[in-house]
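Undergrad: Before I ask anything, let me first share the structure, which is written out below as structure tokens.
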Amino acid sequence: MMRQVDIITLAFGLTIHTAVVAAAACNQSLLREATDRYIAAQSTGNITWLQPLLSDNATYLENGKTVADWRLANSTTLTAAPLRIDRSHSIYDLTQCAFFTDLIANTDTAAPRVIGAQVGMDTNLGRVTKIDRIVTTPGDWLFNATGTLYYALREDWGEIPASRRDSRETIKAAADAYLDVFKNASVPVPWGSPCARLEGGACTGRGLPTDSCDVGVIQSYDMPNRRYVIDETVGVVSVLLEFGSIGNAPDSHEFRVEGGKLRYIHTMTYCEKKPNCGYSMGPTGPASAS
């Protein structure tokens, strides 16, 4: 969680980069500094925090679209306004030199946000080359920032002991199996027990050993354009994609895998113009598309 005191500490604790950053292999210190700077820029509404680590040709995507002039002070994207961060959660991919951060912000205001960002870095220059974000607000798929915060704070996404960690391949395969079942119901999905799925602000888990994520999906659709960030130390993979079953909407899925099985699933989906992506709400959830 990024509090105001963290911003002040960051101001004194970070090394301010000038000119060219020295070439260095990717490491967690570099990724953590970039993460801190990204969160500080978002929290303060001031891109100056991130600029020392930005590549000259860094690209920015928001909800599936490339944004030009996003570094400008009057940009309507990354630093349009300061956000009060209620929860932040990050994973670090040393293999790709990338991180994923999700933010839950402004939960008790008129402008709540739930944001997921994959950020890629150049391993030679130690600079950010790409920011790829899903930004959700009221009207997006099952959006409820307060509910998202409530359930997320009750989950354990902490480090897994080295002897019990799954491989990158196992973690990715578990995520892909879940996404592939939207197209083919016969795909075997490694459901964990218990497993909780937090979709927008709606959660399938109740804190019981019988909690299940196998509660049905909308079929039959592809889930294309998948981009991955994987952190084996916490058993987590972030997948940004196009959610085929609701019009290829820009989407973020994050999976926690323990012992090869799905333990937690978090989703956020941008609906653009149609509230709840055009689906009406029945007594137990989305009912039909309009």
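Residue numbers -23 to -1, 1 to 267, in mature numbering (1 follows the signal peptide of the UniProt record, and there is no 0), belong to the letters of the sequence shown in order. All C-beta atoms in this analysis are idealised placements derived from N, C-alpha and C, irrespective of residue type, glycine included. Note that the structure is predicted; figures quoted are calculated from it, not measured.
1. Along the chain, which unbroken stretches of the alpha helix (DSSP H) at least 4 residues long are found entirely within the segment 138 to 226?
2. How is the alpha helix (DSSP H) around residue 10 delimited, first residue to last?
3. Mark residue 195 as exposed unless 16 or more other C-beta atoms lie within 10 angstroms of its C-beta, in which case mark it buried.
4. Please list the terminal residues of the continuous alpha helix (DSSP H) segment that includes residue 126.
5. CB-CB under 8 Å to residue -1, same chain, minus the five flanking residues each way: which ones, in chain order?
6. Sort 185, 161, 177, 179 by Cα distance to residue 169 and report the nearest one.
7. Please list the terminal residues of the continuous beta strand (DSSP E) segment that includes residue 34.
8. Drop a sphere of 10 angstroms on the beta-carbon of residue 119, count the other beta-carbons inside from all chains shown, and report buried for 16 or more, exposed for fewer.
9. Just how far apart, CA to CA, sit residue 20 and residue 230?
10. Could you tell me which residues DSSP puts in a beta bridge with residue 65?
11. If you measure between the beta carbons of residue 151 and residue 239, is that distance less than 7 Å?
12. Which residues does DSSP list as the beta-bridge partners of residue 235?
13. Using DSSP with H/G/I as helix, E/B as strand and the rest coil, what is residue -19?
14. Please report the straight-line C-alpha distance between residue 252 and residue 233, rounded to a whole angstrom.
15. DSSP state of residue 95, grouped into three classes?
16. Answer with buried or exposed for residue 110, where buried requires no fewer than 16 other C-beta atoms within 10 angstroms of its C-beta.
17. When you compare the CB positions of residue 188 and residue 167, do they come within less than 7 Å of one another, or not?
18. Who pairs with residue 229 in a beta bridge, going by DSSP?
19. With a Cβ-Cβ cutoff of 7 Å, do residue 35 and residue 105 count as a contact?
TA: Taking the geometry as given:
1. 145 to 157
2. 5 to 21
3. exposed
4. 122 to 129
5. Reliability fails at residue -1, whose pLDDT of 46 lies under 50, so the model's placement of it is uncertain and no value is given.
6. 185
7. 31 to 39
8. buried
9. 23 Å
10. 80
11. yes
12. 238
13. The pLDDT assigned to residue -19 is 38, lower than 50, so where the model puts this residue is not dependable, and the model offers no usable value.
14. 28 Å
15. strand
16. buried
17. no
18. 217, 245
19. yes
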